[in-house]
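Visitor:
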Amino acid sequence: MNTKNITLLAGMLTRTGFDPGIGYRLLQQVCFRPAAFSLTEKIQKGDDVLACTLFFENRNNEYNCVYYDAAISKQAAMPELTVNGINLHELDIAMQNINWNAQKAAEEFRLDDESTWVREKNIAQIVTELTRLSVTEDGKAFSDALKVKYWIGVGLEAFVGNLSAIQNRLEVSQRFYFLDGEAIGVNEAYRFLLNKWMEKKMLAKKKTDSQETGSINSSASEGKEIKLLKKKRIGRTRRSIG
182 MNTKNITLLA
192 GMLTRTGFDP
202 GIGYRLLQQV
212 CFRPAAFSLT
222 EKIQKGDDVL
232 ACTLFFENRN
242 NEYNCVYYDA
252 AISKQAAMPE
262 LTVNGINLHE
272 LDIAMQNINW
282 NAQKAAEEFR
292 LDDESTWVRE
302 KNIAQIVTEL
312 TRLSVTEDGK
322 AFSDALKVKY
332 WIGVGLEAFV
342 GNLSAIQNRL
352 EVSQRFYFLD
362 GEAIGVNEAY
372 RFLLNKWMEK
382 KMLAKKKTDS
392 QETGSINSSA
402 SEGKEIKLLK
412 KKRIGRTRRS
422 IG
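So for the sequence shown, the numbering used here puts the first residue at 182; every next one is plus one.
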C-alpha cells in the first residue's frame, strides 16, 4: 500500500481546510484498492453545516482527489405557528429529541411491551404529524424542511420524498476542482455559497414581487374593462330610449 501517497493526499486536503483526521479515513478506503471512492465531510460554520463530498480516483496506483462538491442547506428555525393543527416549533423539538441514527433494537426489546420501543412509537407519531402537515402547500414546505433537517445523512433519505426538488429549494451547491494539488479552500467555498444563497433569495423575491404586481395589474385591467363595458351598455340603452 502506498502510504506516501496517502500522506501527501491528506496534507493537500488539510491545506484545503479539511480535518487532519481525514488521513485515517483515506486509509480505510485505500486498503480495499477501489478504482474510485468518495468521502463526505461535514464542517460546522456558525449556524450552518457545510457538507463536502470528495471524489477520488486511482491513477497509476496513486489516488488523487479530482474535485469536491460543497453544499449548504439554510434551515430556518420553525416559527411559533400552527398549521393544520400541528405546532411547528413543538414538532421540530420532538424530532430533535429522536436519535435518528439508532439502528439496533434494544436488548430488552419485546413487541408486547411498548416501553421497550418508545423511540419507534414516537417516530410513528411524528410521521403522522408530518403527513398532516403535508396536506396544505405551506405545510408541505415546512414538512419537507424538517425531513431534510433530520433525515438526510442518517440513512433515511428514501423516506424524504422527491429529494432533488426539495434540495433545490433549500440548498445551494457548487463543485470545486483540484488542479496540480490546489483547489479553492473550504472557507472560500463557504463564502461563495453564502453569496449564491443570497442571490437565490433575491431572485425568488423578485419573482414573487413580479407575480404580485402582475396580479394587481391584471385586477386593475379587469376593473377598467368592466367599467368600459358598463359605459357602452349605458350608451346603447340611452340611444335605444332616444
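Cβ coordinates follow ideal geometry from the N, Cα and C atoms, glycine included. All figures in this text were calculated on a predicted structure; none of them were measured in a lab.
Judging by CA-CA distance, which residue of Asn280, Ile267, Phe290 is the nearest neighbour of Thr309?
Guide: Mapped onto the sequence shown, residue 309 falls at position 128. Checking every option, the nearest Cα to that of Thr309 belongs to Ile267.
Visitor: Near Gln210, what residues of its chain come up, given a Cβ to Cβ distance below 6 Å and the 5 sequence neighbours on each side ignored?
Guide: Your numbering for residue 210 matches position 29 in the sequence shown. So the qualifying residues of the chain are Phe218.
Visitor: Using the C-alpha atoms, what's the distance from Lys302 back to Gly336?
Guide: As a first step, residue 336 must be located in the sequence shown, where it is residue number 155. As a first step, residue 302 must be located in the sequence shown, where it is residue number 121. Their backbone Cα atoms lie some 19 Å apart in a straight line.
Visitor: Pop quiz: Val353 and Ala252 are said to be a contact at Cβ under 8 Å. What is the actual Cβ separation, rounded to whole angstroms?
Guide: For the purposes of this step, residue 353 is identified with residue 172 of the sequence shown, where counting begins at 1. For the purposes of this step, residue 252 is identified with residue 71 of the sequence shown, where counting begins at 1. Correct: roughly 7 Å between the Cβ atoms.
Visitor: At what residues does the alpha helix (DSSP H) containing Val299 begin and finish?
Guide: Locating residue 299 in the sequence shown gives position 118, counting from the first residue. Counting along the chain, the alpha helix (DSSP H) containing Val299 begins and ends at 299 to 314.
Visitor: Mind pulling the alpha helix (DSSP H) runs of 4 or more residues that sit fully within the segment 251 to 292?
Guide: Entirely contained in the segment 251 to 292, the alpha helix (DSSP H) runs reaching 4 residues are, in chain order, 269 to 277.
Visitor: Along the chain, where does the alpha helix (DSSP H) containing Ile203 start, and where does it finish?
Guide: On the sequence shown, position 22 is the one that residue 203 refers to. From DSSP, the alpha helix (DSSP H) with Ile203 extends over 203 to 211.
Visitor: The alpha helix (DSSP H) spanning Asp229 covers which residue range?
Guide: Locating residue 229 in the sequence shown gives position 48, where the first residue counts as 1. Premise fails: Asp229 lies in the beta strand (DSSP E), 229 to 240, not in any alpha helix (DSSP H).
Visitor: Work out the CA separation of Phe290 and Lys330 for me, nearest whole Å.
Guide: Taking the first residue of the sequence shown as 1, we reach residue 330 at position 149. Taking the first residue of the sequence shown as 1, we reach residue 290 at position 109. Taking the straight line from one Cα to the other gives about 28 Å.
Visitor: Consult DSSP for Asn343 and reduce its assignment to one of helix, strand or coil.
Guide: Taking the sequence shown and counting its residues from 1, the one referred to as residue 343 is at position 162. Asn343: coil per DSSP, three-state reduction.
Visitor: Which partner residues does Ala326 have in the DSSP bridge list?
Guide: On the sequence shown, position 145 is the one that residue 326 refers to. DSSP lists no partner for Ala326.
Visitor: Considering only residues of the same chain and omitting the five flanking positions on each side of Met276, which have a CB-CB separation below 8 Å?
Guide: Residue mapping note: residue 276 aligns to position 95 of the sequence shown, counting from 1. Closer than 8 Å at the Cβ level, and outside the excluded window around Met276, lie Ile307, Leu327, Lys330, Tyr331.
Visitor: Please name the residue or residues paired with Lys223 in a DSSP beta bridge.
Guide: For the purposes of this step, residue 223 is identified with residue 42 of the sequence shown, where counting begins at 1. Its beta-bridge partners are Ala232.
Visitor: So Arg196 is in the beta strand (DSSP E); what residue range does that whole segment cover?
Guide: For the purposes of this step, residue 196 is taken as residue 15 along the sequence shown, with counting starting at 1. From DSSP, Arg196 is part of no beta strand (DSSP E) but of the alpha helix (DSSP H) over 184 to 197.
Visitor: Consult DSSP for Leu360 and reduce its assignment to one of helix, strand or coil.
Guide: Residue mapping note: residue 360 aligns to position 179 of the sequence shown, counting from 1. Correct three-state label for Leu360: strand.
Visitor: Using a 10 Å radius around the Cβ and a threshold of 16 neighbouring Cβ atoms, would you call Tyr249 buried or exposed?
Guide: Within the sequence shown, residue 249 is the residue found at index 68, counting from 1. Answer is buried; the Cβ neighbour count reaches 16.
Visitor: Give the DSSP-derived three-state secondary structure of Val335 in the structure shown.
Guide: By 1-based counting over the sequence shown, the position of residue 335 is 154. Reduced to three states, the DSSP call for Val335 is coil.
Visitor: Measuring only the C-alpha atoms, how far is Leu231 from Asn265?
Guide: Along the sequence shown, read from residue 1 onward, the residue named residue 231 stands at position 50. Along the sequence shown, read from residue 1 onward, the residue named residue 265 stands at position 84. Computed Cα separation, rounded: 33 Å.
Visitor: In the DSSP output, which residue or residues are listed as bridge partners for Val353?
Guide: By one-based count along the sequence shown, residue 353 stands at place 172. BP columns for Val353 point to Ile253.
Visitor: Taking Ala346 and Thr197 to be in contact with their CB atoms under 8 Å, please state how far apart those CB atoms are, rounded to whole angstroms.
Guide: If you number the sequence shown from 1, residue 346 lands on position 165. If you number the sequence shown from 1, residue 197 lands on position 16. The pair is not a contact, with the Cβ atoms about 31 Å apart (cut-off 8 Å).
Visitor: What's the C-alpha gap between Lys382 and Leu351?
Guide: The residue you call residue 382 lines up with position 201 of the sequence shown. The residue you call residue 351 lines up with position 170 of the sequence shown. Their Cα atoms are separated by approximately 10 Å.
Visitor: Identify which residue in Met182, Phe199, Glu295, Pro260 has its Cα closest to the Cα of Asn239.
Guide: Here the question's residue 239 lines up with position 58 in the sequence shown. Among Met182, Phe199, Glu295, Pro260, the Cα nearest to that of Asn239 is on Met182.
Visitor: Starting from the Cα of Leu208, find the closest Cα among Ile224, Gln225, Phe237 and give me that residue.
Guide: In the sequence shown, residue 208 corresponds to position 27, counting from 1. Nearest option by C-alpha distance: Phe237.
Visitor: According to DSSP, is Ala216 part of a helix, a strand, or is it coil?
Guide: In the sequence shown, the residue the question calls residue 216 occupies position 35. Residue state, collapsed to three classes: coil.
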